[in-house]
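To start, the structure itself, in structure tokens.
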Amino acid sequence: MAPQRGNEPFGPQKSFVIEMRSRRENAGLSRHKLAEALGCSPQWLAKVENYEKPPSEGLADDLDTFFEAVGAFHRLWEQIVEARKQGLIPRGFRPLIEAEKEANQICIYGPLLIPGLLQCEEYARLALSVGRHPEKAEELVSIRMDRQKLHSKAVPPWLFILLKESVIRDLPEAVRIEQCKILLTLMQQPRVSIQIIPNSAAVFEPSGFQVLSFDGSPDVAYVEGANGHGQMLDDPCDVHGLVVLFNALRSAALSTRETTALIRSIMEDQ
């Protein structure tokens with residue numbers, strides 16, 4: 024969680040440091056004395072105050088205890104973590120993640136990849152590790168897995184998923200079985216429908232997209248783009264066009280029963 028440029032901090036980290044420095048100085052403590060009280064090195068504390076290192080959760084908790092701050096430092100630390108996550112997510116993808124949290128229905132067409140809301144952890148790791156530092160890839164995997172919490176909401180959204188057969192069949196063997204298990208498990212949930220468009224179907228739409236519906240708000244859509252440069256659409260005509268396209272694609276898909284049989288067949292095909 025390094026600063027954005029050089030020693031220039033982003034908002035939550037700056038707020039954390041200002042609060043820590045203010046309480047330290049008001050208590051008449053040097054960095055060395057505070058570090059001694061907290062059980063850390065004054066050199067590390069100096070790096071935190073100079074924005075060279077981000078504060079840790081342990082430091083936040085120790086500061087809350089020492090200054091009797093009633094969780095103020097931990098809340099600031101949580102804001103730092105959230106800001107870091109937002110910074111990792113491609114700009115064009117951020118509105119989709121926020122929209123997912125409020126949607127009561129999501130229709131997804133996936134011609135090239137298993138959608139993030141359905142990915143097993145190893146598949147997500149495989150997809151996100153290409154061209155990225157391992158540490159950053161792991162952070163992105165964590166974000167992706169966190170998105171899947173919507174499946175366990177008290178009232179989860181309806182999910183209607185269309186996948187090209189090749190998306191599943193071409194999976195590396197190392198992740199194929201686990202990913203197929205995830206899909207079969209999700210299909211048992213009453214609000215999840217997954218259908219496969221077979222390779223034999225004359226379907227040539229190359230771009231993935233989603234249509235999201237809400238209580239009391241107009242539908243919106245998301246169209247995938249290269250390297251995370253997707254785009255949210257809210258024009259009613261554009262969104263309606265994608266609804267029609269989704270339904271047309273769905274007419275070429277296997278039934279859920281046939282889809283289940285095909286996924287089992289692919290899973291068992293070694």
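Take our numbering: the final residue in the sequence shown is number 293, and no numbers are missing along the way.
All C-beta atoms in this analysis are idealised placements derived from N, C-alpha and C, irrespective of residue type, glycine included.
In this text the structure is predicted, and so the values were computed from the model without any measurement.
Pairwise C-beta distances place the region 167-174 out of contact with the region 196-204, as fewer than three of them are shorter than 8 Å.
For Leu149, the uninterrupted alpha helix (DSSP H) run begins and ends at Glu144 to Leu151, by DSSP. Boundaries of the beta strand (DSSP E) harbouring Ile129: Gln128 to Gly133, taken from the DSSP string. Scanning Met255, Arg287, Lys108 and Val190 for the CA closest to the CA of Glu123 turns up Met255. Counting along the chain, Lys204 sits inside no beta strand (DSSP E); it lies in the alpha helix (DSSP H) bounded by residues Glu196 to Met210. The residue among Asp85, Leu207, Ala271 and Leu235 with its C-alpha nearest the C-alpha of Phe227 is Ala271.
When DSSP reads this structure, Leu185 sits in a beta bridge with Tyr132 and Gln218.
Counting along the chain, no alpha helix (DSSP H) covers Phe237, and no H or E run does either.
Assignment of beta-bridge partners to Gln254 by DSSP yields Val246.
For the pair Gly133 and Leu185, the CB atoms are nearer than the 8 Å cut-off.
Straight through space, the alpha carbons of Ser175 and Leu140 are spaced by roughly 12 Å. In the three-state reduction of the DSSP assignment, Ala177 falls in the coil class, being assigned neither a helical nor a strand state. Here the region 154-162 does not lie against the region 266-285, with fewer than 3 beta-carbon pairs under 8 Å apart.
Cys260: member of the alpha helix (DSSP H) spanning Pro259 to Arg273, first to last residue. Val40 and Arg46 have their C-alpha atoms some 10 Å from each other. Residue range Gly34 to Asn49 is occupied by the alpha helix (DSSP H) that includes Asn49.
Exposure of Pro213 is indicated by the presence of fewer than 16 other C-beta atoms within 10 angstroms of its C-beta. In the DSSP assignment, Val93 falls outside any alpha helix (DSSP H), carrying neither H nor E. Ala69 carries a helical assignment under DSSP once its states are collapsed to helix, strand and coil. Val190 carries a helical assignment under DSSP once its states are collapsed to helix, strand and coil.
The DSSP-derived three-state label of Ala276 is coil. For Val71, the number of other beta carbons within 10 angstroms of its own is at least 16, and it is reported as buried.
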